[in-house]
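With the numbering used here as the guide, the letters of the sequence shown map in order to residues 4 to 308. Even glycine gets a Cβ: it sits at the ideal position worked out from N, Cα and C. Note that the coordinates shown come from a computational prediction; the quantities given were computed from them, not determined experimentally.
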Amino acid sequence: MDRFAAMKTFVRVAELGTLSAAARELGLTQPAVSQQVMGLERHLNAQLLHRSTRRLALTEAGEAYYREARAILQSVDEAEESVAAATIGLRGNLRAHGPVGFGQMHLSPAVIEFQRLHPDLVIELVLDDRIADVITEGVDVAIRLGELKSSGLIARKLATFERILVASPGYLAEHGTPQSPDDLIHHRHIRFAWTPLGEAIPLIGPAGPVTVPVRSTFLANNAFVLNDALCAGLGIGGAQVPLVKAHLDSGRLIRVLPDHAYAPLDIHAVYATSLFVPRRVRAFIDHLSTYMARIEGLRMIHKPD
Numbered sequence: 004m005d006r007f008a009a010m011k012t013f014v015r016v017a018e019l020g021t022l023s024a025a026a027r028e029l030g031l032t033q034p035a036v037s038q039q040v041m042g043l044e045r046h047l048n049a050q051l052l053h054r055s056t057r058r059l060a061l062t063e064a065g066e067a068y069y070r071e072a073r074a075i076l077q078s079v080d081e082a083e084e085s086v087a088a089a090t091i092g093l094r095g096n097l098r099a100h101g102p103v104g105f106g107q108m109h110l111s112p113a114v115i116e117f118q119r120l121h122p123d124l125v126i127e128l129v130l131d132d133r134i135a136d137v138i139t140e141g142v143d144v145a146i147r148l149g150e151l152k153s154s155g156l157i158a159r160k161l162a163t164f165e166r167i168l169v170a171s172p173g174y175l176a177e178h179g180t181p182q183s184p185d186d187l188i189h190h191r192h193i194r195f196a197w198t199p200l201g202e203a204i205p206l207i208g209p210a211g212p213v214t215v216p217v218r219s220t221f222l223a224n225n226a227f228v229l230n231d232a233l234c235a236g237l238g239i240g241g242a243q244v245p246l247v248k249a250h251l252d253s254g255r256l257i258r259v260l261p262d263h264a265y266a267p268l269d270i271h272a273v274y275a276t277s278l279f280v281p282r283r284v285r286a287f288i289d290h291l292s293t294y295m296a297r298i299e300g301l302r303m304i305h306k307p308d
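The following block contains the structure:
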């Protein structure tokens, strides 16, 4: 039995929770993964997993072995990278995750540029609007917008941007321009299909925070669809400034209630807690910070190196 290979397999089984998921990620058959884990258990003379038809769970011995094995594998990676840093460029796999709207417009070109700079990397970019599980899905770096929930992950704030209310000139000419937040209830509203407050929006104005009711007539779960609806004159809605900057500059959209806006939205790069952060991950996050300094509508947290 290759104990090192079995250790790597066990760690991913523990993190993914099923033999089949680990097999898919590692490019092995499920029986091969099962044999490696059972071989490891025989070698250690200890049961590492509670097996059921649905999901695997670590035994007490398995939890202890997982912590030690993960640290050992990280130490091996760190040793290899310390040698490679002086002789070769970035190599290996890098899996990134981000939201669709911001990801398609700004994250995608940043990742493509990073690939060109480091052609020996194998990069996978996944875009969707759910919160990915960094550990179980093998995500190296996740880009998340807004307030972060406590997760045990490491987060680096990259930038922040405004979210403002906008509408097309045609809509405002036909329906009038609201003069105060209370006027929004008399207008057609465009918004994401799911929001915590539903038919109300939280704004910040000269007098502080205010939550105002709205009447939504067009909803979608994609920022580009919502922006298209706004440009088509279907109503008033919130927009991320980096995604509509060109429309504002061209006059296709006009800011409504300029004294009011949503709370600024932070952009974070999130990655798994670890004493050792792979060089490719550090380089990628640094690249994102530098790239975002070139995006109009973003406010940088600090000046990139």
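So what does residue i bridge to, in DSSP terms?
i      : result
Gln309 : Within the shown structure, residues of the chain are numbered from 4 to 308, placing residue 309 beyond reach of any answer.
Val144 : Ala99
Thr214 : Pro205
Arg302 : Thr163
His271 : Arg147 and Lys160
His53  : Ala60
His221 : Before going further, note that residue 221 is Phe rather than His in the sequence given. Beta-bridge pairing links Phe221 to Ile193.
Leu124 : Gly95
Ile257 : Ala170
Rounding to the nearest angstrom, what Cα-Cα distance links residue i and residue j in this structure?
i      : j      : result
Val322 : His263 : What is shown of the chain runs 4 to 308, which leaves residue 322 out entirely.
Phe195 : Ser219 : 10 Å
Arg166 : Gly65  : 47 Å
Gly101 : Glu18  : 21 Å
Pro199 : Gly240 : 16 Å
Gly106 : Leu130 : 6 Å
Arg147 : Asn48  : 43 Å
Asn224 : Gly104 : 10 Å
Met10  : Ala296 : 41 Å
Val142 : His178 : 46 Å
Leu29  : His109 : 31 Å
Glu140 : Ala275 : 11 Å
Glu71  : Val40  : 16 Å
Leu222 : Arg6   : 53 Å
Pro34  : Leu22  : 9 Å
Gln38  : Glu63  : 21 Å
Pro212 : Gly92  : 49 Å
Met4   : Val144 : 33 Å
Ser253 : Ala226 : 19 Å
Leu61  : Gln182 : 60 Å
Glu150 : Val228 : 24 Å
Arg45  : Arg54  : 16 Å
Ala82  : Arg133 : 35 Å
Ala232 : Ile193 : 8 Å
Lys152 : Gly201 : 20 Å
Ala242 : Thr32  : 46 Å
Excluding the 5 residues flanking residue i on each side, which residues of the same chain have their C-beta closer than 6 Å to its C-beta?
i      : result
Thr163 : Pro267, Asp269 and Arg302
Tyr174 : Gly236
Tyr294 : Ala113
Leu128 : Ala99 and Val114
Asp308 : Legend: pLDDT at Asp308 = 44, less than 50; position of this residue unreliable, no value from coordinates given.
Ala67  : none
Leu52  : Leu59 and Gly65
Arg191 : Thr220 and Gly238
Thr214 : Ala203 and Pro205
Pro122 : none
Arg27  : none
Excluding five sequence neighbours on each side, which residues of the same chain lie with their C-beta closer than 8 Å to the C-beta of residue i?
i      : result
Glu299 : Pro245 and Lys248
Arg119 : none
Gly95  : Leu124, Val125, Pro281 and Arg283
Leu76  : Met10, Lys11 and Val14
Arg197 : Checking the sequence shown, residue 197 turns out to be Trp, not Arg. So the list reads Asn224, once near-sequence residues are dropped.
Going by DSSP, what residue range makes up the alpha helix (DSSP H) through residue i?
i      : result
Ala113 : Ser111 to Leu120
Thr333 : Past the boundaries of the shown model lies residue 333; the chain is included only from 4 to 308, so the question cannot be answered.
Ala25  : Leu22 to Leu29
Arg94  : Run containing Arg94: none; DSSP gives neither H nor E here.
Met4   : Here Met4 belongs to no alpha helix (DSSP H), and DSSP marks it neither H nor E.
His178 : Pro172 to His178
Leu237 : Element bounds for Leu237: n/a, residue is neither H nor E.
Where do the N-terminal and C-terminal ends of the beta strand (DSSP E) with residue i fall, by residue?
i      : result
Pro3   : Shown here, the chain extends from 4 to 308; a query on residue 3 therefore has no answer.
His190 : No beta strand (DSSP E) holds His190; DSSP gives it neither H nor E.
Arg45  : Here Arg45 belongs to no beta strand (DSSP E); instead the alpha helix (DSSP H) covers Gln33 to Leu47.
For residue i, I'd like the list of residues in its chain whose CB is within less than 7 Å of its CB, leaving aside the five on either flank, ordered along the chain.
i      : result
Ala25  : Thr12, Arg15, Val16, Leu19 and Val36
Leu161 : Ile270, His271, Ala272, Leu291, Ser292, Met295 and Ile304
Arg159 : His271, Ala272 and Ile288
Arg255 : Ser171 and Cys234
Ala286 : Leu93
Val259 : Leu168, Val169, Ala170, Thr180, Pro181 and Ile239
Out of the options, point me to the one whose CA is closest to residue i's CA.
i      : options                           : result
Ile257 : His271, Trp197 and Ser171         : Ser171
Tyr69  : Cys234, Gln38, Gln50 and Asp132   : Gln50
Leu97  : Ala82, Val79 and Phe117           : Phe117
Gly42  : Thr21, Ser23 and Ala8             : Ala8
Val217 : Ile188, Ile193 and Leu156         : Ile188
Gly208 : Glu83, His190, Pro261 and Gly238  : Pro261
Leu156 : Asp231, Ala232, Asp136 and Asp186 : Asp136
Leu251 : Val169, Ala74, Ile193 and Arg27   : Val169
Pro184 : Ala232, Ala210, Trp197 and Asp231 : Ala210
Ile138 : Asp186, Ala232, Gly201 and Arg73  : Arg73
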